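Novice: Please find one structure pasted underneath; my questions will follow.
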Amino acid sequence: MISVVKYVFMCLLTVYLLWEKHLCRSYAHFKIRFFIFLLLSCMSCLYILDISPLSVILFANIVSHSVGCLFVLVFCRTNILHFYEVKFISFFPFMDLAYSVKAKNYLPTPRS
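Quick note on this note's numbering: the sequence shown kicks off at 968 and runs consecutively.
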């Protein structure tokens, strides 16, 4: 079980590093390759679904851990680049909105 989680994590780390090195030129091309890569790497994990009734839970745990690891990597990258004030294209567009700091005026406007 741990070896499968390590394998999925290493695959996601490899894809992340390839993204950082800009080997994928366009974002759409990257998304298609990433989807195919995940399908092929998860095909070896799909045999778990036929073994026992708890296998669906195990498969869900594997997927949730890999997504969690990817989220942590993107979050750390976003914070490091914001610290160094580097302009970049975000891996997940909503990350910029979720973690950006915007000044808001919380004082009520006076009524006359």
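Note that CB positions come from ideal geometry on N, CA and C, so glycine has one too.
Quick caveat, the model's predicted, so the values are computed rather than measured.
Contact check, residue 979 vs residue 1025 under 8 angstroms by CB: the rounded distance?
Specialist: Not really, about 18 angstroms apart at Cβ, beyond 8 angstroms.
Novice: Keeping to the same chain, check which residues put their C-beta closer than 7 angstroms to that of residue 910; ignore five residues upstream and five downstream.
Specialist: Residue 910 is absent from the model: the chain starts at 968 and stops at 1079.
Novice: Can you find the residues in the same chain that come closer than 7 angstroms, C-beta to C-beta, to residue 1033, ignoring five residues on each side of it along the sequence?
Specialist: Within the same chain, residue 1033 has close Cβ partners 975, 976 and 979.
Novice: Measuring only the C-alpha atoms, how far is residue 981 from residue 1001?
Specialist: Looking at the two C-alpha atoms, the distance is approximately 11 angstroms.
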